[in-house]
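J.: Please read through the structure below; I'll follow up with questions.
In our numbering, the protein residues as written are 26 to 621.
Here it is in structure tokens:
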């Protein structure tokens, strides 16, 4: 008798062997069907509905393929370019995206954005609460402050943008820059002998060069240098020196900011999640010790071994820490809020300084014009033997006139504003607390080529997002948006011929690099002085040659493609999209040598 059917290898075993394969085929088929069905349904729902010009229009949602996740993948890969493409396809000043189960209304018309930022029915509280909880680790006390405590904290925070504190912190910044910028790189082989900001930049000495020259990762060098100086200005030197890899932890934390915002648990096996949580833990511990030490120092008691001298902490930070103590917050409970302040002062400005330098260095004519303009206000020189009486060569020195840079250098300031336009992509988020109606202006309607302004209804609980970066790259608002053109922000007085650069131009009113409304960046006034001071100092002291090492950053890709001074095509400069200032992709190699 043939017992093949009873054998483990017999025909009865075939269905069991095929079961896993059939299961996976079924799963794949269901997923494909779900995606196709989702695309068909959302595509049908996205079709424009006939409405009268006098009636509010429904907000059209862009179609998508993946259930629940919606537009999450293309949005995460490049929110600025993706939002711009959707705007071009839908041809509406307001449209919506589906992100992780929620609908987010994107406001593209400048007039509607301006109205939304000022509207009392739109609140940023829910967004702030989520950021504090998921990103900065607030267990509840900060989010649950009463109105009186919130008002007192806002008063302390406002010192960052009020006089005399802005001038005082700017003066401290200038003193530190004059002392440290000549040693931006040490020309030292040993990492031990290098400055803290120099160590992460992979410094290599070029032996065959006629003058002392070194090759560095320019982005890492500039980012850490600006971060070190800025942190010292606001937090004091003891805070910066307490933890040598403080900025490395902060930049790791910032790199995975969006993963924390999504609420992804630490145990999920995604790259960077565990590192982000670990970096946050160390930063919160440092901030907790800092708060406890300052409380003791402020009372005249011994602050302990960790922070011996806290006299040079800035007045705005002292005011915040005094508030926490007066309000009865334990150091561990208040640490998340001041970690947010520390994060805010060190994430965008260092990257903006880097991009500003890149744009100027990429255009030889613009570089020469900037150096001529700043020469009277950023004076670099090298003391000779007759000055010092020493038998060896002293490092260069620089003298900065910050007021001169602010008032008398319109081209430098215009490059800063154009860098904000091209290399930042901030979002402003609001949630409707009641229903409301918003209408675009006649000018915005005319820009879009429609005869009448369009009106949109929003309902309680709706999320409204203003993608300022996408607006700044909209060719209807900024012609040739991929061209670096500082003249967009320069105005000439017809009677005197004097040139100025500011955001009061028509284009500047559209550009909102610091957000708007109640959540506008409190450090924006200082940030302008900070960036101009760093850029002018580095360009005056150092010759910087971009190295053709990474093809994306080669000299050919970064050279001027325009015959007009100060204008160049920046399409080839590789951005890594973020929620703030863009990061460069890959290492940015450059060779540095002293100019004097």
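Where a beta carbon is used, it is the ideal one built from N, C-alpha and C, also for glycine.
(1) Would you report the Cα separation of residue 555 and residue 437, rounded to the nearest angstrom?
(2) For residue 462 versus residue 478, is the C-beta distance shorter than 7 Å?
(3) Count the CB pairs spanning the segment 340 to 355 and the segment 183 to 190 that are closer than 8 Å, and state whether there are at least three.
(4) Enumerate in chain order the residues of its own chain whose CB-to-CB distance from residue 254 is below 7 Å, with the five nearest sequence positions on each side excluded.
(5) Which full runs of the beta strand (DSSP E) of 3+ residues lie inside the segment 69 to 156, going along the chain?
(6) Using the three-state DSSP reduction, which class does residue 592 fall into: helix, strand or coil?
(7) Hey, residue 648 and residue 251: beta-carbon distance below 7 Å or not?
(8) Return yes when the Cβ of residue 181 is within less than 7 Å of the Cβ of residue 345, no when it is not.
(9) Considering only residues of the segment 212 to 254, which uninterrupted alpha helix (DSSP H) runs meet the minimum length of 4 residues and lie entirely inside it, listed in chain order?
(10) Considering only the beta carbon of each residue, do residue 498 and residue 492 sit closer than 7 Å?
(11) What residue from 490, 606, 566, 456 has the CA that sits closest to residue 146's CA?
(12) Which same chain residues end up closer than 7 Å to residue 592 when comparing Cβ atoms and leaving out the 5 residues on each side of it in sequence?
(13) When DSSP builds the beta bridges, which residues end up paired with residue 567?
(14) With DSSP as the reference, label residue 535 as helix, strand or coil.
(15) Identify, in the order they occur along the chain, each residue of the same chain with its Cβ nearer than 7 Å to the Cβ of residue 305, setting aside the five sequence neighbours on each side.
(16) Is the beta carbon of residue 490 less than 7 Å from the beta carbon of residue 539?
(17) Between which two residues does the beta strand (DSSP E) carrying residue 482 extend?
(18) Do residue 628 and residue 111 have their C-beta atoms closer together than 7 Å?
(19) So if DSSP puts residue 462 in a beta bridge, which residue, or which two residues, is it bridged to?
(20) Here's the rule I'm using: 16 or more other beta-carbon atoms within 10 Å means buried, otherwise exposed. How should residue 588 be labelled?
(21) Give me whichever residues DSSP pairs with residue 47 in a beta bridge.
(22) Return the residue from the list 283, 75, 459, 273 that minimises the CA-CA distance to residue 98.
(23) Is residue 519 buried or exposed, if buried means 16 or more other CB atoms sit within 10 Å of its CB?
(24) If residue 560 and residue 381 are in contact, beta carbons under 8 Å, what's the gap, nearest whole angstrom?
(25) Taking residue 525 as part of the beta strand (DSSP E), name the residues at either end of that continuous run.
(26) Extract the residue ranges of the alpha helix (DSSP H) inside the segment 393 to 421, only unbroken runs of 4 or more that lie entirely within it.
(27) To the nearest angstrom, how far is the alpha carbon of residue 45 from that of residue 55?
(28) Are the CB atoms of residue 331 and residue 321 nearer to each other than 7 Å?
(29) With DSSP collapsed to three states, give me the class of residue 455.
(30) Under a Cβ-count criterion, where at least 16 other Cβ atoms within 10 Å of its own Cβ denotes burial, should residue 442 be classed as buried or exposed?
(31) Closest by CA to residue 562, which one among 616, 395, 448, 144?
(32) On the criterion of 16 or more Cβ atoms from any shown chain inside 10 Å, does residue 292 qualify as buried, or is it exposed?
(33) Check the DSSP bridge columns for residue 158 and list the partner residues they point to.
(34) Restricting to runs no shorter than 4 residues, where is the alpha helix (DSSP H) found entirely within the segment 276 to 300?
(35) When the distance is taken between beta carbons, is residue 480 closer than 7 Å to residue 464?
(36) Is it a yes or a no for the segment 395 to 406 touching the segment 421 to 434, going by three-plus beta-carbon pairs under 8 Å?
T.: Well, looking at it:
(1) 13 Å
(2) no
(3) yes
(4) 198, 201, 202, 205
(5) 119 to 124, 127 to 132
(6) Residue placement at residue 592 cannot be trusted, given a pLDDT of 49 that sits under 50; what the coordinates show is reported in the next sentence. Residue 592: coil per DSSP, three-state reduction.
(7) Limits of the chain in this structure are 26 at one end and 621 at the other, which puts residue 648 out of reach.
(8) yes
(9) none
(10) no
(11) 456
(12) The predicted position of residue 592 is uncertain, since its pLDDT is 49 and thus under 50; a value taken from the coordinates is nonetheless stated next. Cβ within range, chain order: 508, 509, 510.
(13) 619
(14) helix
(15) 162, 278
(16) no
(17) 480 to 483
(18) For residue 628 there is no data in the structure shown, the boundaries of the chain being 26 and 621.
(19) 482
(20) Any reading at residue 588 must be qualified, since the residue scores a pLDDT of 35, below 50, and its modelled position is unreliable; no value is offered.
(21) DSSP, once it has assigned bridges, lists no residue as partnering residue 47.
(22) 283
(23) exposed
(24) 5 Å
(25) 524 to 526
(26) 410 to 413
(27) 15 Å
(28) no
(29) strand
(30) buried
(31) 395
(32) exposed
(33) Answer is none; residue 158 lacks a bridge partner.
(34) 282 to 286
(35) yes
(36) yes
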